[in-house]
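The opening position of the sequence shown corresponds to residue 88 in the numbering used here, with each subsequent residue numbered one higher. All C-beta atoms, glycine included, are put in the ideal place defined by N, C-alpha and C. Source: prediction; values computed, not measured.
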Amino acid sequence: MRHKDTAALRELLKGYREADEKDVHPTDQQERLPMPPMEVRRGGETIELPERDASPLGAMLENRCSLRSYDGGPLTLEEVSFLLWAAQGVKAVNQYRTLRTVPSGGARHPLELYVFVNNVTGLAPGAYHYLALEGKLERLGCRARQADQLTCALAGQEFAGKAPACLVWTAVPYRSEWRYDSHGHKDILLDAGHSCQNVYLACEELGLGCCALAAYDQEAMDELLGLPTEVTDSKEAEFTVYACCVGRPR
Numbered sequence: 088m089r090h091k092d093t094a095a096l097r098e099l100l101k102g103y104r105e106a107d108e109k110d111v112h113p114t115d116q117q118e119r120l121p122m123p124p125m126e127v128r129r130g131g132e133t134i135e136l137p138e139r140d141a142s143p144l145g146a147m148l149e150n151r152c153s154l155r156s157y158d159g160g161p162l163t164l165e166e167v168s169f170l171l172w173a174a175q176g177v178k179a180v181n182q183y184r185t186l187r188t189v190p191s192g193g194a195r196h197p198l199e200l201y202v203f204v205n206n207v208t209g210l211a212p213g214a215y216h217y218l219a220l221e222g223k224l225e226r227l228g229c230r231a232r233q234a235d236q237l238t239c240a241l242a243g244q245e246f247a248g249k250a251p252a253c254l255v256w257t258a259v260p261y262r263s264e265w266r267y268d269s270h271g272h273k274d275i276l277l278d279a280g281h282s283c284q285n286v287y288l289a290c291e292e293l294g295l296g297c298c299a300l301a302a303y304d305q306e307a308m309d310e311l312l313g314l315p316t317e318v319t320d321s322k323e324a325e326f327t328v329y330a331c332c333v334g335r336p337r
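Listed below in structure tokens is the structure:
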């Protein structure tokens, strides 16, 4: 039995949509109100912590950042393959779940992963779907002026739309609802964060740069991916929830 608020909860997972003027209000920042504290202090005793270990993982975490400027050079197919595996790679499959490179609530893994290719050696420009169970790419085709359309769908962020590659995560909510009903929606967004953080660390390993993107036009991005927007309340519903552009640092 699906929860009566499932449709509304699914809408909370989505990105930006055009709002009526009456629904648009200035933020507190725009109103120049004081910024909230960056940290909560509870008044307890403070204890010094040891210096961080200078391990390779520690260096990767230290260097991790969002990079929005790329040198224009192509990525290799091997690099893209590693990024996709890091984000959603399958390590094992059992009766009702997959074990992957990232955690997921109940191992439901309700995400699908796509990549828009603009400049990758060995891949024609276009949109591709990552078949995680097989470790393969499924070509979906290429739109005319794809980079410009992608920029538009990514809220006008030109650096992202014209990056060599842009990963896009979509949610298939019923995969989590099947087990958790309305409690599964929180896990979906947590899972997307886990997956994208792996991309950041994989980029550090490969000497690449990336930038996560939560700002996108929901209808435009879903349409670019050819998703069935008319079945948003069905078990087959799928829609964009996150994106990340990748390139070689300038």
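Euclidean distance between Cα positions of residue i and residue j
i      : j      : result
CYS332 : GLU132 : 42 Å
ALA330 : ALA95  : 22 Å
GLU221 : GLU306 : 29 Å
LEU204 : ALA258 : The question names Leu, but residue 204 in the sequence shown is Val. Spanning the two alpha carbons is a distance of roughly 20 Å.
GLY228 : LYS178 : 28 Å
GLU264 : PRO121 : 40 Å
LYS223 : PRO123 : 46 Å
PRO260 : ALA234 : 28 Å
ALA240 : LEU99  : 19 Å
TYR303 : ASN285 : 21 Å
TYR217 : THR93  : 27 Å
MET88  : ARG335 : Because MET88 carries a pLDDT of 43, less than 50, the predicted location of this residue cannot be relied on, and the following value inherits that uncertainty. Their backbone Cα atoms lie some 48 Å apart in a straight line.
GLU323 : VAL202 : 21 Å
LEU164 : SER321 : 35 Å
GLU291 : ASN150 : 7 Å
HIS281 : ALA231 : 33 Å
ALA301 : HIS112 : 20 Å
GLY176 : PRO190 : 11 Å
GLY243 : GLY296 : 20 Å
LEU162 : LEU311 : 22 Å
SER342 : ARG262 : Examination of residue 342 is not possible in this model, given that the chain is present from 88 through 337 alone.
PRO251 : SER156 : 11 Å
GLU166 : ALA299 : 18 Å
Three-state secondary structure (DSSP) of residue i
i      : result
GLY159 : coil
ASP320 : coil
VAL177 : strand
VAL353 : Residue coverage of the chain in this structure runs from 88 to 337, which leaves residue 353 outside it and unanswerable.
THR114 : coil
THR93  : helix
MET88  : Any reading at MET88 needs caution, since the residue's pLDDT is 43, under 50, leaving its predicted position unreliable; the model's value is listed next. Looking at MET88 - three-state DSSP - the assignment turns out to be coil, as it is neither helix nor strand.
Enclosing alpha helix (DSSP H) for residue i [first to last residue]
i      : result
CYS290 : 272-293
LEU144 : 143-150
TYR30  : Outside the displayed range of the chain (88 to 337) lies residue 30, so it cannot be described from this structure.
LYS309 : Strictly speaking, residue 309 in this sequence is Asp, with Lys absent from that position. Here the alpha helix (DSSP H) through ASP309 covers 305-311.
LEU100 : Careful: LEU100 lies outside any alpha helix (DSSP H) and carries neither H nor E.
For residue i, the residue or residues it bridges with in DSSP
i      : result
GLU255 : As written in the sequence, residue 255 is Val, which differs from the Glu given in the question. Looking at the DSSP assignment, VAL255 forms a beta bridge with TYR201, ALA330.
ASP140 : Answer is none; ASP140 lacks a bridge partner.
PRO336 : TYR157
Extent of the continuous beta strand (DSSP E) to which residue i belongs
i      : result
LEU300 : 296-300
Near the ligand MG: residue i beta-carbon under 8 Å from a heavy atom
i      : result
GLY296 : Ligands displayed in this structure: none; no statement on the ligand MG is therefore possible.
Can you check the segment 181-254 for any alpha helix (DSSP H) of at least 4 residues that lies completely inside it and give the ranges in chain order?
For the segment 181-254, whole alpha helix (DSSP H) runs of length 4 or above, ordered along the chain, are 233-240, 245-248.
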